[in-house]
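Trainee: The structure's right below; bear with me while I get my questions together.
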Amino acid sequence: MYTQDEIMNKHLFYRNGELFCDDVPVTEIIREMGTPLYIYSKAILEEKYNAIARAFSDIDTTICFAVKSCSSMPVLRVLYDLGSGFDIVSGGELFRIVNCCGDTSKVVFSGVGKTDKEIKYALEKGVLLFNIESEAELSNINLIAGQMNVKAPVGLRINPDVDPRTHKKTTTGKKENKFGIDFSTASKIIENLSSYPNITLKAFSMHIGSPVYSTQPYADALDKILEFIDSRSGLPDSIEYIDCGGGFGLLYNDEAVPDFTDYADVIVPGVKKSGLKLILEPGRPIAGNAGVLIASVLYRKSNPRKNFVITDAGMHSLVRPAMYGSYHGIWLVK
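Every position in the sequence shown, counted from 1, becomes a number in the numbering used here once 778 is added.
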């Protein structure tokens, strides 16, 4: 992966004291579009996606870009043209995929709060699978699929109770988190699959958090999932995938970020041995350093304790620093 300096030099760079993105002067974009606005480097999007694809090329891997990380339709179209699928958590995100890409055959529908309307919409559009987060959700999808006279493809999202060693607000794979089902519940569902006649079990899934700057939590979580699979007899032949989620680390400041090949080294061998295909749901490792938020300074003010710079971009434009103190670098356009 690129360091911050390498990104700046390669696709976001200064020429004669002026910021360029993919060889286009940012000032020209501002004159046409105004501020605030987001600008994305197509070249960085392509390079990051392709780097992940290369790292996991030893097995059959479907990369499903996490739309929650960047729902810009032109960005989604760039990734679709590279072969990407999509990880979604709402009907609105699915609507974007339908309208900018058309093909929904590689869409994974995650999230704990899928509504009836969203479930029906996803079944109509033919998503790859629903990641199931609870018994109640599974029962509801089974009911809706029956009413529509279709089979709903699902993956059981298992909470492996593994600490990803990241911020508590973005930890998703510990037992106190709302995401996924525990192993006991997963066993119960598998034993009673006949109670869900309108369901096809396609995958076992996990997502432990984001960003994860160590590969060990992935190894620990995957080991638990694979051990669970090995311990079950009579699993249906319909199971095709292990979905390892997303969460790969991204350089914001001075973090030690593993390369995509480092993550692959702890994921690929186990999945390959299982004979199943792999699904990944990366978001920020592809889009995070591909974009910049451009804002104009409106006012400067001071008080005895602090100096302030007021811009036309607000917390709603970049919530992470205000929400949990995340670092984002600031560059001058000119």
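The beta-carbon is built from N, C-alpha and C at its ideal position, and this holds for glycine as well.
Note down the Cα distance separating residue 794 from residue 1073, rounded to an integer number of angstroms.
Mentor: If you number the sequence shown from 1, residue 794 lands on position 16. If you number the sequence shown from 1, residue 1073 lands on position 295. When rounded, the distance between both Cα atoms is 21 angstroms.
Trainee: Please state whether the Cβ-Cβ distance between residue 1111 and residue 797 is less than 8 angstroms.
Mentor: The count along the sequence shown starts at 1 and reaches residue 1111 at position 333. The count along the sequence shown starts at 1 and reaches residue 797 at position 19. Yes, Cβ-Cβ distance for residue 1111 and residue 797 is below 8 angstroms.
Trainee: Where does the unbroken alpha helix (DSSP H) through residue 966 begin, and where does it stop?
Mentor: Taking the sequence shown and counting its residues from 1, one reaches residue 966 at position 188. 961 to 969 is the extent of the alpha helix (DSSP H) around residue 966.
Trainee: Can you list, in chain order, the residues of its chain with a C-beta nearer than 7 angstroms to that of residue 1018? Leave out the 5 residues immediately preceding and following it.
Mentor: Here residue 1018 corresponds to residue number 240 of the sequence shown, with the count starting at 1. Closer than 7 angstroms at Cβ, skipping near neighbours: 980, 981, 1054 and 1055.
Trainee: Would you say residue 1059 and residue 939 are within 8 angstroms of each other, going by their C-beta atoms?
Mentor: By 1-based counting over the sequence shown, the position of residue 1059 is 281. By 1-based counting over the sequence shown, the position of residue 939 is 161. No.
Trainee: What's the call for residue 1051, buried or exposed, on a 16-neighbour Cβ count within 10 Å?
Mentor: Taking the first residue of the sequence shown as position 1, residue 1051 is located at position 273. Result: exposed.
Trainee: For residue 909 and residue 932, I'd like the C-alpha separation in whole angstroms.
Mentor: The count along the sequence shown starts at 1 and reaches residue 909 at position 131. The count along the sequence shown starts at 1 and reaches residue 932 at position 154. Distance between the alpha carbons of residue 909 and residue 932: 6 angstroms.
Trainee: So the candidates are 826, 867, 836 and 873; which of them puts its Cα closest to the Cα of residue 856?
Mentor: For the purposes of this step, residue 856 is taken as the residue at position 78 of the sequence shown. Among 826, 867, 836 and 873, the Cα nearest to that of residue 856 belongs to 826.
Trainee: Does DSSP classify residue 951 as helix, strand or coil?
Mentor: Here residue 951 corresponds to residue number 173 of the sequence shown, with the count starting at 1. Bear in mind that the predicted position of residue 951 carries a pLDDT of just 49, short of 50, making it too unreliable to give a figure here.
Trainee: Expressed to the nearest angstrom, what Euclidean distance is found between the alpha-carbon atoms of residue 962 and residue 802?
Mentor: Within the sequence shown, residue 962 is the residue found at index 184, counting from 1. Within the sequence shown, residue 802 is the residue found at index 24, counting from 1. Cα-Cα distance, rounded: 55 angstroms.
Trainee: What three-state label does DSSP hand residue 993 in the structure shown?
Mentor: The residue labelled residue 993 in the question sits at position 215 within the sequence shown. Coil, per DSSP.
Trainee: Is the distance from the Cβ of residue 923 to the Cβ of residue 970 below 8 angstroms?
Mentor: For the purposes of this step, residue 923 is taken as residue 145 along the sequence shown, with counting starting at 1. For the purposes of this step, residue 970 is taken as residue 192 along the sequence shown, with counting starting at 1. Taking 8 angstroms as the Cβ cut-off, residue 923 and residue 970 do not qualify as a contacting pair.
Trainee: Distance, Cα to Cα, residue 951 vs residue 999?
Mentor: In the sequence shown, counting from the first residue as 1, residue 951 sits at position 173. In the sequence shown, counting from the first residue as 1, residue 999 sits at position 221. For residue 951, the pLDDT reaches just 49, beneath the cut-off of 50, and the residue's location in the model is therefore unreliable, leaving the point undetermined.
Trainee: I'd like to check one pair, residue 935 with residue 904: are the Cβ atoms closer than 8 angstroms?
Mentor: The residue you call residue 904 lines up with position 126 of the sequence shown. The residue you call residue 935 lines up with position 157 of the sequence shown. Cβ distance not < 8 angstroms, so residue 904 and residue 935 don't count as in contact.
Trainee: Using three-state DSSP, classify residue 974 as helix, strand or coil.
Mentor: As a working mapping, residue 974 is identified with position 196 in the sequence shown. Residue state, collapsed to three classes: coil.
Trainee: Mapping DSSP to helix, strand and coil, what is residue 1067?
Mentor: In the sequence shown, the residue the question calls residue 1067 occupies position 289. Of the three classes helix, strand and coil, the one that applies to residue 1067 here is coil, per DSSP.
Trainee: Thinking just about the alpha-carbon of each residue, which of 986, 1101, 1068 and 991 is nearest to the one in residue 1022?
Mentor: As a position in the sequence shown, residue 1022 is number 244, starting the count at 1. Measuring from the Cα of residue 1022, the nearest candidate turns out to be 986.
Trainee: Less than 8 angstroms between the beta carbons of residue 858 and residue 879, yes or no?
Mentor: Translated into positions along the sequence shown, residue 858 becomes position 80. Translated into positions along the sequence shown, residue 879 becomes position 101. The answer is yes: Cβ separation under 8 angstroms.
Trainee: Determine, using beta carbons only, whether residue 921 and residue 967 come nearer to each other than 8 angstroms.
Mentor: The residue given as residue 921 occupies position 143 in the sequence shown. The residue given as residue 967 occupies position 189 in the sequence shown. In this structure, residue 967 does not lie closer than 8 angstroms to residue 921 by Cβ.
Trainee: Going by alpha carbons, who is nearest to residue 965 out of 852, 1057 and 1008?
Mentor: Position 187 of the sequence shown, counted from the start, is the residue given in the question as residue 965. Per the Cα distances, 1008.
Trainee: Decide if residue 1088 is buried, meaning its Cβ has at least 16 other Cβ atoms within 10 Å, or exposed.
Mentor: Your numbering for residue 1088 matches position 310 in the sequence shown. Result: exposed.
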